[in-house]
Amino acid sequence: SSSKQATISDDEIERQLRALGVD
Amino acid sequence: MANNNLQKAIDLASKAAQEDKNQNYEEALRLYQAAVQYFLHVVKYEAQGDKAKQSIRAKCAEYLDRAEKLKEYLKKKEKAPPA
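Here the protein sequences line up with chains A and B, keeping their order.
In terms of the working numbering, the first sequence has 576 at position 17, counting the first letter as 1, and numbering is strictly consecutive.
In terms of the working numbering, the second sequence has 40 at position 36, counting the first letter as 1, and numbering is strictly consecutive.
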């Protein structure tokens, strides 16, 4: 099973955050 | 240690979960985003142990995932023609 715990990187978090904010 | 950003992030995250439970999805989405922004700030600019950073990042991933789902749901709901 893909270990969910593979922690995300700061950049990835930032990217997803931006993606969210963009309508 | 300026823990107020961390405290702020935690507050926002718990409010987001509350709104989520109350099905105020727009508000929950906004709060999840704000919480992640604060958590990210803490990870990037406030020295935390590596362990703490890892767990904060994992939390961010969770909240982002949830926020994305809420956003999808809200978009679909908007598109749905008024019954």
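We put the beta carbon where it would ideally sit given N, CA and C, even for glycine.
- Here DSSP, grouped into helix, strand and coil, assigns Ile567 of chain A to coil.
- Setting aside the 5 residues that flank it on each side, Glu31 of chain B is surrounded in the same chain by Glu23, each with a C-beta closer than 6 Å to its C-beta; the list follows chain order.
- With contacts defined as CB atoms closer than 8 Å, Leu33 of chain B and Leu78 of chain B qualify as a contacting pair.
- Counting of Cβ neighbours within 10 angstroms places Tyr49 of chain B among the exposed residues, the total staying below 16.
- Cβ proximity to chain A below 7 Å picks out Cys64, Ala65, Leu68, Ala71, Glu72, Lys75 from the stretch 64–87 of chain B.
- Within the stretch 562–576 of chain A, contact with chain B at the beta-carbon level (separation under 9 Å) is assigned to Lys563, Gln564, Thr566, Ile567, Ser568, Asp569, Glu571, Ile572, Glu573, Gln575, Leu576.
- Residues of the stretch 26–46 of chain B with a Cβ closer than 9 Å to any Cβ of chain A, in chain order: Leu33, Tyr36, Gln37, Val40, Gln41, Phe43, Leu44.
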